[in-house]
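> In the working numbering, the protein residues as written are 148 to 406. Don't be surprised by glycine CBs; every beta carbon is placed ideally from N, CA and C. Predicted model only: the values in this text are computed from it and were never measured.
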């Protein structure tokens, strides 16, 4: 199992505070079925700057510590990149890490409570460079929750999306859990990731999320999510699937009196 989004690198953002904690989280990842993890410290989010060269160096150091501790986890350098006006310049400066070595997939974060007005143009600019933005944890963005058509439109433009496993199993509350399920049921999600931090309620729940998905949506979709994660980290093409608007689905359910 591959985790495309986690904060295991020690002492550089709001994730792990030290190497001891990082190794504990790495062990928990393996216990949860994770074999490979993309390390994605926050970058350019207004609080944290984690330059590409620094993340690569720290990842190499962390992998050495993992190996010495006998933990069966392989890690790769990445970033959780906040959408911002300096992103294109950072790309020009070769200061951005992608989910894959071919620079196809970018783990792109929005502010918790907003989707900036320039998002559509920025997505277009990224796509003109051959980049596929993967919108991380849209199910926890309060603006997207209020206006779910925003996510639908981004996916229609060719973006992908990543749901946090803990959101789907209810760790962030019933509203986030319900919205996560809506995004999954309408085809508006492609992968699970842990988004693990060393914080209360930010632990590994990938195994639980996949078991729940098998129960609610079937094993085929769970396998698709796992394969998509593999495609992304290898830089292979993830074929977009048909998406439905959550608003359309809600209206249809009301029409047939389902709630």
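Please go through the same chain and pick out, in chain order, the residues whose beta-carbon is closer than 6 Å to the beta-carbon of residue 170, but skip the five residues on each side of it.
So the list reads 216, once near-sequence residues are dropped.
> Relative to the ligand HEM, is the shortest distance from any of its heavy atoms to the C-beta of residue 221 smaller than 8 Å?
The model depicted lacks the ligand HEM and carries no ligand whatsoever.
> Which residue comes first and which comes last in the beta strand (DSSP E) that contains residue 254?
252-256 is the extent of the beta strand (DSSP E) around residue 254.
> Based on Cα-Cα distance, which residue from 195, 198, 223 lies nearest to residue 207?
Checked all of 195, 198, 223; the closest Cα to residue 207 is 223.
> Out of curiosity, what's the CA-to-CA distance linking residue 345 and residue 375?
Whole-angstrom Cα-Cα distance: 26 Å.
> Within a Cβ cutoff of 6 Å, which residues of the same chain sit near residue 367, ignoring the five residues on either side of it in sequence?
None.
> Going by CA-CA distance only, name the one from 392, 324, 244, 197 that's closest to residue 334.
Out of 392, 324, 244, 197, 392 has the C-alpha closest to the C-alpha of residue 334.
> Would you please state the rounded distance, in angstroms, between the beta carbons of residue 316 and residue 287? I believe it to be under 8 Å.
No, residue 316 and residue 287 are not in contact; Cβ-Cβ is about 13 Å, not under 8 Å.
> Kindly indicate which three-state DSSP category residue 177 falls into: helix, strand or coil?
Residue 177 falls in the helix class under three-state DSSP.
> Indicate whether the contact test is met: 3 or more Cβ pairs, each with one atom in the region 382-390 and one in the region 161-169, closer than 8 Å.
No, they do not touch.
> Between which residues of its own chain and residue 293 is the CB-CB distance below 6 Å, once the five residues before and five after are set aside?
Closer than 6 Å at Cβ, skipping near neighbours: no residue.
> Can you tell me whether residue 403 is helix, strand or coil according to DSSP?
Because the pLDDT at residue 403 is just 43, under 50, the model does not fix this residue reliably, and the point stays unresolved.
> In whole angstroms, give me the CA-to-CA distance for residue 281 and residue 257.
For residue 281 and residue 257, the distance between alpha carbons rounds to 11 Å.
> If you run the structure through DSSP and keep just helix, strand and coil, what is residue 280?
In this structure, residue 280 counts as strand in the three-state DSSP scheme.
> Tell me which same chain residues have a C-beta within less than 6 Å of the C-beta of residue 183, skipping the five on either side of it?
Here the set comprises 149, 221.
> Report, in whole angstroms, the separation of the C-beta atoms of residue 233 and residue 191, which I expect to be a contact under 8 Å.
Rounded, the Cβ-Cβ distance is 7 Å, consistent with contact.
> Could you check where the beta strand (DSSP E) with residue 308 kicks off and where it finishes?
Residues 307-311.
> Residue 310 and residue 327: beta carbons closer than 9 Å?
Yes; because the gap between Cβ atoms is below 9 Å, this pair is in contact.
> So what's residue 396 in DSSP terms, helix, strand or just coil?
The predicted model places residue 396 with a pLDDT of 45, which falls under 50 and marks its position as unreliable; any figure quoted below should be read in that light. Here residue 396 sits in helix by DSSP.
> Report yes if the CB atom of residue 267 is closer than 9 Å to the CB atom of residue 304, and no otherwise.
Yes, these two residues count as a Cβ contact at 9 Å.
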